[in-house]
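*Asks:*
2 protein chains.
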Amino acid sequence: MNLTVDPDDPTPPYEQLRRQLVRLVETGALAPGDRLPPLRQLAGDLGLAVGTVARSYREVEAAGLLVSRRGGGTRVAADVRPTPAPRRLRALADGFRTEARRLGFSDAEIRDALTAALEAG
Amino acid sequence: MNLTVDPDDPTPPYEQLRRQLVRLVETGALAPGDRLPPLRQLAGDLGLAVGTVARSYREVEAAGLLVSRRGGGTRVAADVRPTPAPRRLRALADGFRTEARRLGFSDAEIRDALTAALEAG
DNA sequence: GCGTTTGTGTCACGCCCTTGACACAACACT
DNA sequence: AGTGTTGTGTCAAGGGCGTGACACAAACGC
């Protein structure tokens, strides 16, 4: 599931987890209905207290992305529609363009850089 | 100077500031020798305590990017070489490629998305 | 030289976060 | 029905962080 917490990051663990969960749902890596790890299991894996993981789940649930039920675990809400892949790609491209232009590069240079990146790996 | 702190972000203010400072120096937005705002002024502008801003300055100085002197203010270290623009562009392109491929897109689709982004604005 | 500016250091106070443990309630499974 | 699982809630304790105020030291500007 690829959830991690960086102890050296001053950002509170519950917030690191929350952002990753939101991202997993919005990107569709977790589909509606998918079950998340139980609180205790995830807490054990990440070296966190149960209450800390519970807070992350609770906040993402409050955002409407998850649904928790006692005994039933926590699952991705059925009505969440992951952002369509084309939209996400476009958002990535927009971000790349904006940052690259901020550095003062021309469109041609930006294209060349992408070509180099694609050919490299 | 475009330094901001988001009160709603659980990330500690000193850390938000620190990251922005590092970024400004590494991108060359702040050149070696450039003077940063005095502690008290920046603290006042951002609505922070002097000690909080001081901590950010201190940590970036510990990283070798700044030099502080009493009465002389805080300046960008003379020996810091901003990461060359071409390298930064290439890093941006690599990041874009990696994320886009993770979404399952082909090289052609990635190129098309960039083209669309460039034409859009 | 003198006053001002500026960074540094300290202190107590309060808030937020994490932890660990525990009890409880609702669901799943047999 | 009974057992185990799972999420929820509480509590006290400790640590990290921000704040505000203050004193101090070093450099600047006149």
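Residue numbers (full-length UniProt numbering), protein chains in the order written: chain A, 1 to 121; chain B, 1 to 121. Ideal placement from N, C-alpha and C gives every residue a C-beta, glycine not left out. Note that the structure is a prediction, hence the values are computed from the model and not measured.
Which chain A residues are close to B/Gln-104, counting only those with a beta carbon under 8 Å from its beta carbon?
*Replies:* What you label residue 104 of chain B is simply residue 104 of the second sequence in a count that begins at 1. At residue 104 of chain B the sequence reads Gly, which differs from the Gln that was named. Ordered by position in chain A, the residues that pass the 8 Å Cβ test against B/Gly-104 are Ala-85.
*Asks:* Take every Cβ of the segment 76-88 of chain B, pair it with every Cβ of the segment 81-95 of chain A, and state whether three or more of those distances are shorter than 8 Å.
*Replies:* Contact fails: fewer than three Cβ-Cβ distances are below 8 Å.
*Asks:* What three-state label does DSSP hand A/Leu-30 in the structure shown?
*Replies:* Within the first sequence, the letter at position 30 stands for residue 30 of chain A. DSSP places A/Leu-30 in coil when its eight states are reduced to three.
*Asks:* Does DSSP classify A/Arg-102 as helix, strand or coil?
*Replies:* The residue given as residue 102 of chain A occupies position 102 in the first sequence. The answer is helix: DSSP assigns A/Arg-102 an H, G or I state.
*Asks:* According to a CB-to-CB cut-off of less than 7 Å, which residues of the UniProt domain "HTH gntR-type" (11-79) of chain A neighbour chain B?
*Replies:* Thr-11, Pro-12 and Glu-15
*Asks:* Are there three or more Cβ pairs, one per stretch, closer than 8 Å when the segment 108-120 of chain A is compared with the segment 58-74 of chain A?
*Replies:* no
*Asks:* Just grab the DSSP bridge partners of B/Arg-69 for me.
*Replies:* Here residue 69 of chain B refers to the residue found at position 69 when the second sequence is read from its first residue. Looking at the DSSP assignment, B/Arg-69 forms a beta bridge with B/Gly-73.
*Asks:* Between the C-alpha atoms of B/Pro-38 and B/Gly-73, what's the straight-line distance to the nearest angstrom?
*Replies:* Reading the second sequence from its first residue, position 38 is the one you call residue 38 of chain B. Reading the second sequence from its first residue, position 73 is the one you call residue 73 of chain B. B/Pro-38 and B/Gly-73: Cα-Cα distance of roughly 6 Å.
*Asks:* On the criterion of 16 or more Cβ atoms from any shown chain inside 10 Å, does A/Glu-7 qualify as buried, or is it exposed?
*Replies:* Taking the first residue of the first sequence as position 1, residue 7 of chain A is located at position 7. Note on residue identity: the sequence assigns Pro, not Glu, to residue 7 of chain A. Label assigned to A/Pro-7: exposed.
*Asks:* If I follow the unbroken alpha helix (DSSP H) through B/Arg-35, where does it start and stop?
*Replies:* In the second sequence, counting from the first residue as 1, residue 35 of chain B sits at position 35. No alpha helix (DSSP H) holds B/Arg-35; DSSP gives it neither H nor E.
*Asks:* By alpha-carbon positions, which one of B/Thr-27, B/Met-1 and B/Leu-48 ends up nearest to B/Glu-15?
*Replies:* Residue 15 of chain B sits at position 15 when you count from the first residue of the second sequence. The closest CA to that of B/Glu-15, considering only B/Thr-27, B/Met-1 and B/Leu-48, is found on B/Leu-48.
*Asks:* In its own chain, which residues sit with a C-beta less than 8 Å from the C-beta of B/Arg-101, not counting the 5 before and 5 after it?
*Replies:* What you label residue 101 of chain B is simply residue 101 of the second sequence in a count that begins at 1. In chain order, Ile-110 place their CB closer than 8 Å to the CB of B/Arg-101, counting only its own chain and leaving out the 5 sequence neighbours on each side.
*Asks:* Do A/Ser-56 and A/Arg-23 count as a contact pair if the criterion is CB distance below 8 Å?
*Replies:* For this step, residue 23 of chain A is matched to residue 23 along the first sequence. For this step, residue 56 of chain A is matched to residue 56 along the first sequence. For A/Arg-23 and A/Ser-56, no; Cβs fall outside 8 Å.
*Asks:* Alpha carbon to alpha carbon, what distance is there between B/Pro-10 and A/Thr-11?
*Replies:* Counted from its first residue, the first sequence places residue 11 of chain A at position 11. Counted from its first residue, the second sequence places residue 10 of chain B at position 10. Each residue's Cα considered, the two are about 7 Å apart.
*Asks:* Using CA coordinates, which residue listed in B/Arg-81, B/Asp-107, B/Glu-99 and B/Gly-104 is at the minimum distance from B/Pro-32?
*Replies:* Counting from one through the second sequence, the residue named residue 32 of chain B turns up at place 32. Measuring from the Cα of B/Pro-32, the nearest candidate turns out to be B/Arg-81.
*Asks:* Determine whether the beta carbon atoms of A/Arg-35 and A/Arg-70 lie at a separation below 8 Å.
*Replies:* Here residue 35 of chain A refers to the residue found at position 35 of the first sequence. Here residue 70 of chain A refers to the residue found at position 70 of the first sequence. Taking 8 Å as the cut-off, the Cβ atoms of A/Arg-35 and A/Arg-70 do not count as close.
*Asks:* Let me know if A/Arg-40 comes out buried or exposed under the rule of 16 or more other beta-carbons within 10 Å of its beta-carbon.
*Replies:* In the first sequence, counting from the first residue as 1, residue 40 of chain A sits at position 40. Answer is exposed; the Cβ neighbour count stays below 16.
*Asks:* Suppose you measure from the CA of A/Ala-29 to the CA of A/Leu-66; what does that come to, to the nearest Å?
*Replies:* Here the question's residue 29 of chain A lines up with position 29 in the first sequence. Here the question's residue 66 of chain A lines up with position 66 in the first sequence. Whole-angstrom Cα-Cα distance: 14 Å.
*Asks:* Rounded to whole angstroms, what is the Cα-Cα separation between A/Asp-51 and A/Gln-20?
*Replies:* One-based indexing of the first sequence puts residue 51 of chain A at position 51. One-based indexing of the first sequence puts residue 20 of chain A at position 20. According to the sequence shown, residue 51 of chain A is Gly rather than Asp. Cα to Cα, A/Gly-51 sits roughly 17 Å from A/Gln-20.
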